[in-house]
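Chemist: Structure incoming, see below.
2 protein chains.
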Amino acid sequence: MTDNGWKIPEIAVAVDLAVLTVRDDALQIMLVERGVEPFRGMQALPGGFLSDVAESLDAAAERELAEETGLDPSALHLEQLHTYGTPGRDPRQRVVTICYLAFAPDPPAPVAGGDARAASWVPVATALHPGTRLAFDHGEIIRDAVERARNKIEYTTLAAAFCPPEFTVAELRRVYEVVWGELLDPRNFHRKVTGVAGFLVPTGGRTTRQGGRPAALYRRGPAHLLHPAMPRSPAPDATGTS
Amino acid sequence: MTDNGWKIPEIAVAVDLAVLTVRDDALQIMLVERGVEPFRGMQALPGGFLSDVAESLDAAAERELAEETGLDPSALHLEQLHTYGTPGRDPRQRVVTICYLAFAPDPPAPVAGGDARAASWVPVATALHPGTRLAFDHGEIIRDAVERARNKIEYTTLAAAFCPPEFTVAELRRVYEVVWGELLDPRNFHRKVTGVAGFLVPTGGRTTRQGGRPAALYRRGPAHLLHPAMPRSPAPDATGTS
DNA sequence: CCGCTTCTCGTCAATCCGACGATAAAGACG
DNA sequence: CGTCTTTATCGTCGGATTGACGAGAAGCGG
């Protein structure tokens with residue numbers, strides 16, 4: 001590979017994190033304020049370069065998650081989203097960043113990381129608003145992350161990862177409604193989720209919430225895949241073309 | 243980021259290609275024989291380092307595809323599969339490789355690339371056989387690629403990417419059967435694929451194959467997604483747990 | 001007790017899927 | 001030219017799942 005004088009190009013490798021949650025009836029993403037150039041003062045995804053040449057990608061993602069957001073990596077679902085490496089996406093030098101996607105329950109472990117001076121939840125709609133200036137290509141990454149989340153809750157039980165350890169069917173439904181941006185029929189939804197084996201495990205407890213009949217409490221079940229998938233009204237473009 | 247003497251670790255960035263096809267009633271993958279150390283003489287996925295610091299990841303994947311396999315990148319579906327960067331996966335130095343997944347029709351453009359002295363199709367079952375020695379962690383990558391392909395043809399029209407420009411319903415069914423490793427009912431399959439809008443476009447032509455009624459010929463339609471998905475008998479593990 | 005809210009259970013028609021019978025249209029063979 | 005074999009295509013039927021929606025259950029506030 002290193003014949004006739006050619007050398008392996010020098011490229012920096014980073015990991016970024018797209019951590020999503022559902023808060024205040026909105027899909028929100030964890031952003032930090034950049035403290036250094038480039039894009040100093042702008043909002044960006046948590047992330048950074050590998051700490052050393054021996055650090056694995058997954059370990060780097062978990063370390064950055066803990067350092068920059070104070071969240072507990074072992075408590076979250078973390079998966080690779082996509083790798084971004086367009087030349088020029090970082091003005092300093094060529095950077096390839098492996099982006100990870102994480103789902104966090106609403107009131108997550110209080111944010112209190114070292115580097116997390118400005119870590120905060122931002123509604124995705126706000127983050128993607130043309131008025132919001134995001135560092136690097138993080139707008140594109142956020143769009144991809146939301147897209148992946150929308151698809152993933154369709155055929156996996158990951159929507160429950162947005163809920164606290166114990167939750168009601170209505171809370172889970174709200175997650176779907178917020179992530180998909182469409183209203184679901186409470187009765188059909190209830191029938192569906194309680195009918196899929198291994199999705200929800202009843203705890204026996206009930207809620208005493210504001211006005212209305214108390215709801216049964218559930219915990220996440222052992223199933224990871226939804227069979228059949230959670231039905232979703234077809235996209236506006238009914239042809240399936242894109 | 244470069245405060246107090248810390249330096250960005252030196253990591254080499256590569257792209258690898260998992261090119262799948264269906265040949266001789268088997269799912270096959272394109273492998274090349276390594277001409278240099280390490281793993282010289284062993285089978286490996288086509289791929290290599292970025293040519294220079296300004297080459298995009300997608301461009302590198304397309305270049306390697308053309309160089310090492312002689313296939314036409316513009317004619318294939320190419321998507322990122324996963325990024326592998328376990329320390330030690332390359333004994334020379336730390337290498338992070340972005341792996342791409344491609345679907346090729348059966349009799350692809352004749353393999354005749356520059357570096358393609360030993361490019362060949364190998365049945366996935368053979369490649370993953372314990373007797374076959376694969377370079378790096380390419381066995382793991384192949385498993386991931388097959389897994390992705392199996393899932394992807396379930397809810398997209400990509401199975402048709404394994405077929406020549408004009409094909410019959412039976413040929414398409416064979417693709418599903420080979421990739422999934424299970425037999426499908428020809429009648430139900432025919433009803434399904436001809437019923438999904440935008441999947442198949444009849445050309446009007448018919449085949450004159452060996453014995454049996456001639457089949458209608460179809461071309462790939464404009465749809466990319468299958469709604470509803472192609473039904474698949476649930477995995478042996480019926481709980482959906484994993 | 002009454003209205004209001006939210007949860008939960010049921011009903012019914014439409015659609016989709018799995019199993020499978022039946023017909024159509026070719027080649028092979030006597 | 002008939003029959004057999006093979007493959008393609010159409011149809012039927014029951015069961016499962018979904019979408020629309022009615023109705024009771026069980027809390028709260030007045």
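Chains as they are written, first to last, in our numbering: chain R, 1 to 242; chain D, 243 to 484. Glycine included, C-beta positions come from ideal geometry on N, C-alpha and C.
1. Give the straight-line distance between the Cα atoms of D:Ala439 and D:His319, rounded to the nearest whole angstrom.
2. What are the boundary residues of the beta strand (DSSP E) that includes D:Phe291?
3. Taking the C-alpha atoms as reference points, what is the distance between R:Thr239 and D:Ala465?
4. Going by Cα to Cα distance, which pick from R:Ser233, R:Gln93, R:Met30 is closest to R:Arg150?
5. Would you call the CB atoms of R:Glu37 and R:Ala119 closer than 8 Å?
6. Tell me which residues share the same chain as R:Ala245 and place their Cβ nearer than 6 Å to its Cβ, disregarding the 5 neighbours each side in the sequence.
7. When the Cβ atoms of the region 20-29 of chain R are set against those of the region 172-184 of chain R, are three or more pairs found closer than 8 Å?
8. Hey, would you say R:Leu217 sits closer than 8 Å to R:Arg206, going by beta carbons?
9. For R:Leu172, which residues in the same chain have their Cβ closer than 7 Å to its Cβ, ignoring the five residues on either side in sequence?
10. Provide the residue(s) that pair with D:His319 in DSSP beta bridges, ordered along the chain.
11. For chain R, is any of its Cβ atoms less than 8 Å away from the one on D:Glu198?
12. Just to confirm my understanding: we take R:Val95, look at its own chain, exclude 5 residues before and 5 after, and list those with CB closer than 6 Å. What are they?
13. Measuring CB to CB, does R:Leu31 end up less than 8 Å from R:Pro123?
14. Return the first residue and the last residue of the beta strand (DSSP E) that R:Pro202 is part of.
15. If you draw a straight line from the alpha carbon of R:His138 to that of D:Pro333, how long is it in whole angstroms?
16. Check the Cβ of D:Gln322 against every Cβ in chain R and list those closer than 8 Å, keeping chain order.
17. What does R:Asp144 touch in chain D if you count any residue whose Cβ is under 7 Å from its own?
18. Counting only Cβ-Cβ distances shorter than 8 Å, please list the residues of the region 53-70 of chain R near chain D, keeping chain order.
19. Taking C-beta pairs closer than 7 Å, name the residues in chain D that R:Arg94 reaches, listed in chain order.
20. Please give me, in chain order, every unbroken run of the beta strand (DSSP E) with length at least 3 that falls completely inside the region 254-300 of chain D.
21. Looking only at its chain, what residues have a beta carbon closer than 7 Å to the beta carbon of D:Gly283, apart from the 5 residues adjacent to it on each side?
22. Does any CB atom of chain R fall closer than 8 Å to the CB of D:His469?
23. Here's a check: name, in chain order, each residue in its chain whose Cβ is nearer than 7 Å to the Cβ of R:Ile141, leaving out the five neighbours to either side.
24. Would you verify that the beta carbon of R:Phe136 is, or is not, closer than 8 Å to some beta carbon of chain D?
25. Skipping 5 residues on each side, what residues in its chain have a beta carbon closer than 7 Å to that of R:Thr86?
26. What does R:Val32 touch in chain D if you count any residue whose Cβ is under 9 Å from its own?
27. Say the cut is 7 Å; is the CB of D:Leu343 nearer than that to a heavy atom of the ligand SAM?
28. To the nearest angstrom, report how far apart R:Leu81 and D:Phe431 are at their CA atoms.
29. Measure the Cβ-Cβ separation of R:Ala104 and R:Glu154 and say whether it is below 8 Å.
30. Roughly how far, in whole angstroms, is the beta-carbon of D:Leu468 from the beta-carbon of D:Thr399, given that I think they are within contact range, below 8 Å?
31. Does chain D have any CB closer than 8 Å to the CB of R:Ala18?
32. Using CA atoms only, rank isn't needed, just tell me which of R:Ile29, R:Trp6, R:Phe39 is closest to R:Lys133.
33. Between D:Ser475 and chain R, is there a C-beta pair that is closer than 8 Å?
34. Does any residue of chain R bring its CB to less than 8 Å from the CB of D:Pro333?
35. Would you kindly report the start and end of the unbroken beta strand (DSSP E) that includes R:Ala216?
36. Assign R:Thr168 to buried or exposed, taking buried as 16 or more other Cβ atoms, counted over all protein chains shown, within 10 Å of its Cβ.
Modeler: In this structure, then:
1. Near 21 Å, if we compare the C-alpha coordinates of D:His319 and D:Ala439.
2. Its beta strand (DSSP E) spans residues 289-291.
3. Reliability fails at R:Thr239, whose pLDDT of 47 lies under 50, so the model's placement of it is uncertain and no value is given.
4. Just measuring C-alpha positions, the residue of R:Ser233, R:Gln93, R:Met30 sitting nearest R:Arg150 is R:Ser233.
5. Not a contact, by the Cβ cut-off of 8 Å.
6. Coverage of chain R is limited to positions 1 through 242, which leaves residue 245 of chain R absent and any answer about it impossible.
7. The region 20-29 of chain R makes contact with the region 172-184 of chain R; the number of CB pairs closer than 8 Å reaches 3 or more.
8. With respect to R:Arg206, R:Leu217 sits close: the two C-beta atoms are nearer than 8 Å.
9. Setting aside the 5 residues that flank it on each side, R:Leu172 is surrounded in the same chain by Ala159, Ala160, Cys163, Val193, each with a C-beta closer than 7 Å to its C-beta; the list follows chain order.
10. D:His319 pairs with D:Phe345.
11. For chain D, the structure presents residues 243 to 484; residue 198 of chain D sits outside this window and is missing.
12. Contacts found: Ala12, Ala14.
13. Contact flag unset, no.
14. It spans 200-206 - the beta strand (DSSP E) in which R:Pro202 sits, taken as one unbroken run.
15. So the two alpha carbons sit approximately 33 Å from each other.
16. Within 8 Å Cβ-Cβ: His82, Thr83.
17. Neighbours of R:Asp144 on chain D: none; closest Cβ ~11 Å, over 7 Å.
18. When CB distances to chain D are screened at a threshold of 8 Å, the residues of the region 53-70 of chain R falling below it are Val53, Ala54, Glu55, Ser56, Leu57, in chain order.
19. Within chain D, the residues near R:Arg94 are Val295.
20. 254-265, 268-275, 289-291, all fully within the region 254-300 of chain D.
21. Closer than 7 Å at Cβ, skipping near neighbours: Glu275, Arg276.
22. Cβ-Cβ to chain R under 8 Å: yes for D:His469.
23. Excluding residues within five positions, the ones whose Cβ falls inside 7 Å are Asp16, Ala18, Leu45, Tyr84, Cys99.
24. Taking Cβ atoms only, chain D never reaches closer than 8 Å to R:Phe136, which makes this a no.
25. Sequence-distant partners of R:Thr86 (beyond 5 residues in either direction) whose C-beta falls short of 7 Å from its own C-beta, in its chain, are Asp137.
26. Close partners of R:Val32 in chain D (Cβ separation under 9 Å) are lacking, with about 13 Å as the shortest Cβ gap.
27. By its list of ligands, the structure shown contains no ligand whatsoever, and the ligand SAM lies outside what it can speak to.
28. Straight-line Cα distance between these residues: approximately 33 Å.
29. R:Glu154 is positioned such that its CB atom lies no closer than 8 Å to that of R:Ala104.
30. With 8 Å as the limit, D:Leu468 and D:Thr399 qualify as a contact, their Cβ atoms being about 6 Å apart.
31. Not one chain D Cβ lies under 8 Å of R:Ala18.
32. Correcting the residue identity first, residue 133 of chain R is Arg in this sequence and not Lys. Among R:Ile29, R:Trp6, R:Phe39, the Cα nearest to that of R:Arg133 is on R:Phe39.
33. Contact of D:Ser475 with chain R is not assigned, every C-beta pair being separated by 8 Å or more.
34. Not one chain R Cβ lies under 8 Å of D:Pro333.
35. That run of the beta strand (DSSP E) goes 216-220.
36. Buried, because 16 or more other Cβ atoms sit within 10 Å of the Cβ of R:Thr168.
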